[in-house]
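Student: First the structure, which I've put down as structure tokens, then a few questions once you've had a look.
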Amino acid sequence: MATRRIESPPEGARTFVQAMHAYFAEADPIKADEIAVLQLRSLQHHYKATLRLGDIKRIFAEMRGHLSC
84 MATRRIESPP
94 EGARTFVQAM
104 HAYFAEADPI
114 KADEIAVLQL
124 RSLQHHYKAT
134 LRLGDIKRIF
144 AEMRGHLSC
């Protein structure tokens with residue numbers, strides 16, 4: 084599968100990383116999903132292709148190893 088690059092402003096990237104840390108720290112799976120949904124909605128403003136909740140969770144999981152969450 085080809086990697087899709089998402090362009091977003093630096094502040095949006097910082098917010099995304101903060102949300103990712105909160106996502107992995109959250110013990111309640113429903114609240115973790117809420118965090119992911121907020122990021123999904125935020126990214127949809129900058130990315131015109133279809134994004135799904137599973138895409139955000141996959142991005143979080145892939146970035147986790149790179150950011151020491």
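Residue numbers (this note's numbering): 84 to 152.
Glycine residues also receive a C-beta, built at the ideal position from the N, C-alpha and C atoms.
#1: Does DSSP put residue 130 in a helix, in a strand, or in coil?
#2: Helix, strand or coil, according to DSSP, for residue 96 in the structure here?
#3: With C-beta atoms as the reference, is residue 134 less than 7 Å away from residue 127?
#4: Taking the alpha-carbon positions, what's the residue 117 to residue 99 distance?
#5: Measure how close the beta-carbons of residue 139 and residue 119 come, nearest whole angstrom, since I'm counting them as under 8 Å.
Tutor: With the structure as the only source:
#1: Under the three-state reduction of DSSP output, residue 130 falls in the coil class, being neither helix nor strand.
#2: Correct three-state label for residue 96: helix.
#3: Cβ atoms of residue 134 and residue 127: closer than 7 Å.
#4: The C-alpha of residue 117 lies about 13 Å from the C-alpha of residue 99.
#5: Yes, residue 139 and residue 119 are in contact; Cβ-Cβ is about 5 Å, under 8 Å.
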